[in-house]
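Quick note on numbering: the sequence shown equals residues 15 to 356 in my numbering. Using N, Cα and C, we set each Cβ at its ideal position, and we do this for glycine too. These notes concern the structure reproduced below.
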Amino acid sequence: AKFQNVEPTNGRDLTSEDVKLSFERYQAGGTQRDMFSEVTSIETPDDKTVIVNLGRPVVEFPRNIAAWSHIDAREMIEDQDFLKEHAVGTGPFIQEDWKRKEGTVFTRNPDYFEEGLPYLDEVVARVFNDTATQRAGFVTNNLVEFGARDEDDAADLLSEVPDAVHLVGERLQGANSMVVVFQMNNPVMQDERVRRAVSMAADRKEYSLSRSYAGDGFPYPALGWQPIFDQRPTLEECGPWYQFNPEESSKLLQAAGYSSDSPLDFEVTQFYLQAFYQFDDLVLPMLNAIPELDITSRAVDNPTSVVMLNNREFESAHGMTFGPPAYSVDQIAFPFMHSTGG
């Protein structure tokens, strides 16, 4: 495989040195550190061979790192400022333009190592922070994908875009946080009554219906279901604290010492892409409908959100974060749940 014929790699071969330096960078810290925690040494006997030695057997290791650890060129690793602003690799598309919070333009890599690929000449990825704008873009054939709210909404879209295809699939979860993650070093959040009350203040069925899902309210907990269960559990099977119960939520908060005159107030930091998660539009009003709660939110970009979550760098609670796919229980649980994870 060859790197793209752009600066700083100029079409040179991908070598074992690039792989080793990339893996060592992940080992040193950051969001991928956990996946490389069992690596004891990395050998490069020649330009095309990498040997990764582990301290114990980890059957899932090759699969776990597949989505977490893209390979950067030596030149990129040595110039971190350049790496923060540019994407250069061996892939089928070359990044031509990138504007923060606006979008990216990719063009076909004419020297891509897989013959005949890619089929497309250009891919334009846009960032939208408004669901109505996304929908309008799909209806006018300016976007190739849009998630319908429910079956009725899908039928409306199909009537507006006759050549559209309605795809219904199972919802799998990666290492994402679509919940409120509590800071367990904060004494307020150590009170299980508080955590349970916040959970029961959320109407998951309403959120699910509003967010283009099936309306069953499956909660997307911090632990993805697919490595643990044979089939996705129902909301009812997730236990009492996942059920919408505003009365019980109020009772628990009152028992913990809060009232409508003296509510529990804290900030939730979360990924800024409101059109995707709609935390401020959907979740926050649900929580604050409980008289004993007064919650605010602060949006940050996703890299910052991931680092805050992994490093536990938030005061009270952290909200929705977009993470990579996850293929094992350890890959989902360890970074977020273990005391030394992150």
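Spatial distance of residue i from residue j (CA atoms)
i	j	result
S83	K98	16 Å
Q41	D48	8 Å
A139	S264	43 Å
F435	R26	It is not possible to answer for residue 435, since the shown part of the chain is limited to 15 through 356.
Y71	V343	The sequence shown places Pro at residue 71, not Tyr. Those two C-alpha atoms are separated by around 15 Å.
Q94	D294	34 Å
Y221	L323	23 Å
G117	V141	5 Å
I65	I56	6 Å
A150	E129	36 Å
D61	A347	35 Å
H352	F50	15 Å
Cross-strand partners of residue i (DSSP beta bridge)
i	result
F57	Rather than Phe, the amino acid found at residue 57 in this sequence is Glu. Note: E57 sits in a beta bridge opposite I65.
H332	V195, T283
W255	Note: W255 sits in no beta bridge, so no partner.
V137	F120
D27	K16
Option nearest residue i by Cα separation, candidates the options
i	options	result
E165	G117, Q197, S224	S224
R246	N316, E38, G183, E116	G183
K113	H100, D125, G151, M198	H100
N302	R88, Y286, E281, D95	E281
A195	A340, E38, S319	According to the sequence as given, residue 195 is Val; it is not Ala. Nearest of A340, E38, S319 to V195, Cα basis: S319.
E74	K219, F107, Q345, K115	Q345
P305	N155, N67, L267	L267
L28	A15, F37, V20	A15
P260	T248, N199, V208, S311	V208
T58	F152, G69, E38	E38
Same chain, Cβ closer than 7 Å to residue i, neighbours up to 5 away in sequence not counted
i	result
H180	A168, L172
T63	S30
Y286	A313, V314, D315
E89	P22, T23
S273	E306
W255	R210, S213, M214
Same chain, Cβ closer than 8 Å to residue i, five either side skipped, listed in chain order
i	result
D205	A270
R77	Y341, S342
Own chain residues within Cβ distance below 6 Å of residue i, not counting five before or after
i	result
T46	This sequence places Gln at residue 46; Thr is not what is there. Cβ neighbours of Q46 beyond the five flanking positions: Y40, W82, S83.
P241	S342, V343
A216	M300
P277	E306, L307, D308
Beta strand (DSSP E) segment containing residue i, residue limits
i	result
D362	Any answer about residue 362 is impossible in this case: the structure gives the chain only from 15 up to 356.
D6	This structure does not reach residue 6, given that the chain is present from 15 up to 356, and the question cannot be answered.
Residue i, enclosing alpha helix (DSSP H) - first and last residue
i	result
S276	S276 -> no alpha helix (DSSP H), and no H or E assigned at all.
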